[in-house]
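S.K.: Residue numbering for the sequence shown follows the UniProt record's numbering, beginning at 1 and increasing consecutively. Positions of the beta carbon are idealized from the N, C-alpha and C atoms, including for glycine. Quick caveat: nothing in here was measured; it's all calculated off a predicted structure. Before anything else, here's the structure in question.
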Amino acid sequence: MASACFFARCVSVPAHLLANPTPLAITTCGYGTGAALGPKEADAEVAAVPPSVPVRVAYELQLAGHRYLDVRTEGEFGGGHPAGAVNIPYMHSTGSGMAKNSGFLEQVSAIFRREDEIIIGCQSGRRSLMAAAELCSAGFSGVTDIAGGFSAWKENGLPINQ
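Rendered as structure tokens:
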């Protein structure tokens with residue numbers, strides 16, 4: 001991973017993105033106008049990088065009014081979830097693994113406004129980061145990823161509903 005600092009905030013960028021032959025402009029979601037790692041050309045592929053916070057910070061954000069979007073499967077959500085969370089799966093289980101929820105963006109848009117403050121979590125942090133990046137790219141400006149996901153939420157003794 002390489003790091004780039006945006007507005008005094010460090011963001012890790014996977015090396016395969018930096019090696020991409022397509023010009024890549026990286027912008028941060030919800031932090032001013034963003035900055036670029038590569039050329040800002042009209043045909044540049046833009047990748048939004050949402051901020052990520054530890055679960056205790058996410059809980060404080062939730063208490064302050066941010067809404068919790070849980071992107072785990074319905075089965076995972078049914079086994080326990082943070083109090084007040086809304087479930088919209090980013091991936092669905094298939095017979096051979098997982099497939100992206102093709103209606104994810106539309107489902108989120110039906111419940112959340114683009115300017116809403118949203119904290120996004122999954123089981124361990126991977127799906128939520130992908131979902132958060134997709135929402136940032138779609139124009140959602142108040143998106144924050146929850147590092148460690150529900151596993152870390154539970155380990156830290158934060159409130160859950162069964």
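Using CA atoms only, rank isn't needed, just tell me which of Val86, Gly125, Pro50 is closest to Ile160.
M.R.: That would be Val86, whose Cα lies nearest to the Cα of Ile160.
S.K.: Can you check DSSP and say which residues form a bridge with Tyr68?
M.R.: Beta-bridge pairing links Tyr68 to Ile119.
S.K.: Using DSSP with H/G/I as helix, E/B as strand and the rest coil, what is Ala36?
M.R.: Here Ala36 scores only 42 on pLDDT, less than 50, and its place in the model should not be relied on; the value that follows carries that caveat. DSSP places Ala36 in coil when its eight states are reduced to three.
S.K.: Roughly how many angstroms lie between the CA atoms of Gly32 and Gln162, to the nearest whole one?
M.R.: With a pLDDT of 43 at Gly32, under the threshold of 50, the modelled position of that residue is not reliable, and no figure is offered here.
S.K.: Classify Ala110 as helix, strand or coil using the three-state DSSP reduction.
M.R.: Helix at Ala110.
S.K.: Kindly indicate which three-state DSSP category Ala152 falls into: helix, strand or coil?
M.R.: Three-state DSSP puts Ala152 in a helix.
S.K.: Measuring alpha carbon to alpha carbon, tell me which residue in Phe104, Arg72, Trp153 is nearest Ala138.
M.R.: The option with the nearest alpha carbon to Ala138 is Phe104.
S.K.: Could you compute how far the alpha carbon of Glu60 sits from the alpha carbon of Arg72?
M.R.: Each residue's alpha carbon lies about 21 Å from the other.
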